[in-house]
Structure formats: C-alpha cells, structure tokens
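Below: the structure, in structure tokens.
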Ligand SMILES: NC(=O)c1ccc[n+]([C@@H]2O[C@H](COP(=O)([O-])OP(=O)(O)OC[C@H]3O[C@@H](n4cnc5c(N)ncnc54)[C@H](O)[C@@H]3O)[C@@H](O)[C@H]2O)c1
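Numbering (our numbering), first residue to last: 13 to 295.
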C-alpha cells in the first residue's frame with residue numbers, strides 16, 4: 013500500500029500552523045482504493061474537510077467526483093479538482109429542486125456505479141446560529157435541517173441504485189450533537205438528527221451491503237467554523253485539553269475516511285467515529 017506523502021505528520025499541528033500538506037504532486041498514487049469511485053460533496057476551498065478527504069482518497073488511488081456550490085464558488089474549487097486530478101466536477105446546491113438527482117444522473121452516465129460518498133456540508137442562518145436555541149426561528153431551523161441533515165437522506169436515496177455492494181456513505185458531525193457545547197446552539201440538535209439518520213440509513217442500506225458512518229472531527233479552522241461565535245475559544249480549549257495538546261488536521265480526517273470507505277471497516281456500520289485527538293474523552 014502506498015500513500016501520498018504527508019509531510020505534516022511529524023509536526024504537531026497547532027492553531028497557528030500553515031495548512032497541512034494533503035496533496036503532493038510528486039508522490040506516487042497508492043493502490044488501497046484503486047478501482048473505487050466516489051462522490052465528495054462540500055469542497056469550498058483548500059481548508060475544507062471535504063478537500064482533506066478528496067486529496068487522501070485520491071492519494072490512496074480512488075477516482076473522485078467533486079461538487080461546487082455555485083458559479084461564485086467554482087473558481088475556488090476547480091483548481092483544487094485539477095490539482096488532485098478529480099475525474100468529474102459538477103455544480104450542486106442541495107436547496108435547488110432536482111439538484112441532487114441531477115448529480116446522480118450525471119454520475120450514472122459517466123461512471124455507472126459508485127463505491128463511496130462523502131457528505132461534508134452544513135449551513136445555519138447566522139441570526140439563528142448566534143442566538144439561544146430557545147429563540148431560534150422555524151425557518152432558520154428548517155433550513156439548517158434541510159441542508160445539514162435531510163440532504164444526506166436525499167443523497168442516500170439517489171445513490172441507492174448506483175452503490176456497489178461493499179460501498180459506504182460518510183457524513184460529518186460534531187461533538188455538539190451529544191453534549192451541549194457553548195455557542196454551537198441550534199447546530200447541536202441538527203447534528204444529533206444527522207447522527208440518528210446515520211444509524212437508520214445503516215439499517216436500511218445494510219441489505220444492499222452499503223455501510224453508513226458519521227465522522228466527528230475536532231475543531232478545524234474552516235469557513236463553516238468561522239460562522240460559529242467565539243470559535244477561537246473552542247480551538248483554545250481543544251489545544252489545552254486533548255491528550256497531545258493539539259488539533260487534528262484535514263489530512264487526518266481524510267485518512268480515517270479512507271479507512272471507512274475501504275475494506276478495512278467492513279465489520280462496522282452506523283457508527284460515529286471521533287477524529288478529535290481524544291478531546292471527547294476529556295472531562
Ligand atoms: N470545521 C470544524 O471545526 C468542523 C468540526 C466538526 C464537523 N464539521 C462539519 O464538517 C462539514 C464540512 O464543513 P467544513 O468545516 O469543512 O467547512 P467548509 O465551509 O469548508 O464546508 C462547508 C461546505 O458546505 C457547503 N454547503 C453549504 N450550503 C450548501 C448547499 N445548499 N448545497 C451544497 N453545499 C452546501 C459549502 O459550499 C461548503 O463547501 C460540516 O458538516 C461541518 O458541520 C466541521
């Protein structure tokens with residue numbers, strides 16, 4: 013098994029480190045995921061967790077399709093897709109009626125099958141996200157639920173007929189699903205619904221031999237995270253409390269996702285897997 017060199021692994025990342033090197037043009041493409049094809053939703057820029065996943069999955073030999081939110085986002089995502097030699101790049105706004113279906117129709121035409129999907133998107137309107145949950149609006153809550161949770165169900169629905177046995181679906185959750193994390197507010201119940209959805213989808217899709225997971229990363233400085241009030245405080249707490257006093261990086265999340273979609277995780281489904289350097293174990 014060959015992996016793309018991750019030159020960041022010997023340096024413990026801190027909140028001030030530059031980006032981890034998730035992709036090395038000169039490294040040999042590995043073979044662990046050779047012949048597997050998958051869709052990755054949620055690359056906005058090179059800080060995105062979805063980009064860490066895309067780069068690592070490509071590095072292990074998978075063929076990947078990426079999506080971008082809209083024409084404004086395309087100039088940021090396209091060069092990243094080119095950098096990792098993604099096979100397909102498609103637009104996807106999950107709020108657009110028929111948007112998810114159109115992506116799967118394109119993939120059916122182009123590839124005919126899928127082995128994995130990484131769903132790494134979330135949204136909450138700032139006004140509701142920054143307020144107490146007791147004050148959040150119906151519209152704001154429904155929008156956050158649609159984009160951050162129901163879209164995973166919609167993706168699973170359209171993926172069903174394309175997924176080969178042994179395939180896997182992965183979404184991104186957060187510790188705030190399970191415990192009250194200050195300033196995570198309305199996203200807590202939304203992520204709780206997402207984690208429950210993972211268990212029910214695992215039960216539904218098991219008969220087709222498709223596995224379903226949530227990965228729960230520790231705090232990472234991304235665009236979505238910048239929407240959370242006092243996010244720096246969450247980063248500082250993680251740096252103080254993790255056993256190794258460090259943050260995780262997107263390459264580490266990507267490597268766990270590669271394990272989950274590969275054969276190594278065939279005995280697991282419906283799980284929430286923490287990639288938070290042990291933070292959730294600390295009182
Ligand atoms: N950054 C963290 O600390 C952290 C920790 C745990 C979990 N997560 C989760 O990881 C996932 C990815 O977030 P990230 O931190 O990489 O930030 P990010 O901003 O890089 O990614 C969020 C993505 O959601 C996409 N998105 C938003 N609305 C959409 C829509 N209507 N249709 C399609 N795509 C849409 C954006 O285009 C973007 O690509 C989210 O589910 C987030 O909750 C993040």
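Beta carbons are placed, not taken as given, at the ideal position from N, Cα and C, and that holds for glycine.
If I'm right that residue i touches residue j with Cβ under 8 Å, what's the distance once you round it to whole angstroms?
i, j, result
"residue 50", "residue 128", "4 Å"
"residue 288", "residue 260", "6 Å"
"residue 66", "residue 98", "7 Å"
"residue 217", "residue 168", "7 Å"
"residue 185", "residue 284", "6 Å"
"residue 79", "residue 96", "With a Cβ gap of about 14 Å, residue 79 and residue 96 do not count as contacting."
Roughly how many angstroms separate the alpha carbons of residue i and residue j, rounded to a whole number?
i, j, result
"residue 150", "residue 163", "18 Å"
"residue 182", "residue 147", "31 Å"
"residue 298", "residue 222", "The chain is shown only over 13 to 295; residue 298 falls outside these bounds and no answer can be derived."
"residue 36", "residue 144", "43 Å"
"residue 64", "residue 34", "6 Å"
"residue 154", "residue 194", "21 Å"
"residue 211", "residue 132", "17 Å"
"residue 40", "residue 73", "9 Å"
"residue 280", "residue 57", "31 Å"
"residue 256", "residue 249", "13 Å"
"residue 139", "residue 170", "32 Å"
"residue 29", "residue 234", "The predicted model places residue 29 with a pLDDT of 44, which falls under 50 and marks its position as unreliable, so this point remains unresolved."
"residue 21", "residue 198", "With a pLDDT of 34 at residue 21, under the threshold of 50, the predicted position of this residue should be treated as unreliable, and no value is reported."
Answer yes or no: the CB of residue i versus the heavy atoms of ligand 1, is any distance below 6 Å?
i, result
"residue 235", "yes"
"residue 61", "yes"
"residue 171", "no"
"residue 153", "no"
"residue 165", "no"
"residue 39", "no"
"residue 229", "yes"
"residue 135", "yes"
"residue 184", "yes"
"residue 51", "no"
"residue 296", "Here the chain comprises residues numbered 13 to 295, so residue 296 is not present and cannot be evaluated."
"residue 132", "yes"
"residue 56", "yes"
"residue 81", "yes"
"residue 285", "no"
"residue 272", "no"
"residue 96", "no"
"residue 129", "no"
"residue 232", "yes"
"residue 159", "yes"
Within 10 angstroms of the Cβ of residue i, are there 16 or more other Cβ atoms? Answer buried if so, exposed if not.
i, result
"residue 187", "buried"
"residue 68", "buried"
"residue 229", "buried"
"residue 273", "buried"
"residue 265", "buried"
"residue 231", "buried"
"residue 117", "exposed"
"residue 192", "exposed"
"residue 179", "buried"
"residue 161", "buried"
"residue 60", "buried"
Is any heavy atom in ligand 3 found nearer than 6 Å to the beta carbon of residue i?
i, result
"residue 105", "No copy of ligand 3 occurs in the structure displayed; its ligands are ligand 1 alone."
Report yes or no: do the segment 37-56 and the segment 110-128 share at least 3 C-beta pairs separated by less than 8 Å?
yes
Are at least three pairs of beta-carbons, each pair with one atom in the segment 201-213 and one in the segment 258-274, less than 8 Å apart?
Taking 8 Å as the limit for Cβ pairs, the verdict is that the segment 258-274 does not touch the segment 201-213.
So, do the segment 76-90 and the segment 279-293 have three or more beta carbon pairs nearer to each other than 8 Å?
The segment 76-90 makes no contact with the segment 279-293: fewer than 3 CB pairs, one atom from each, lie closer than 8 Å.
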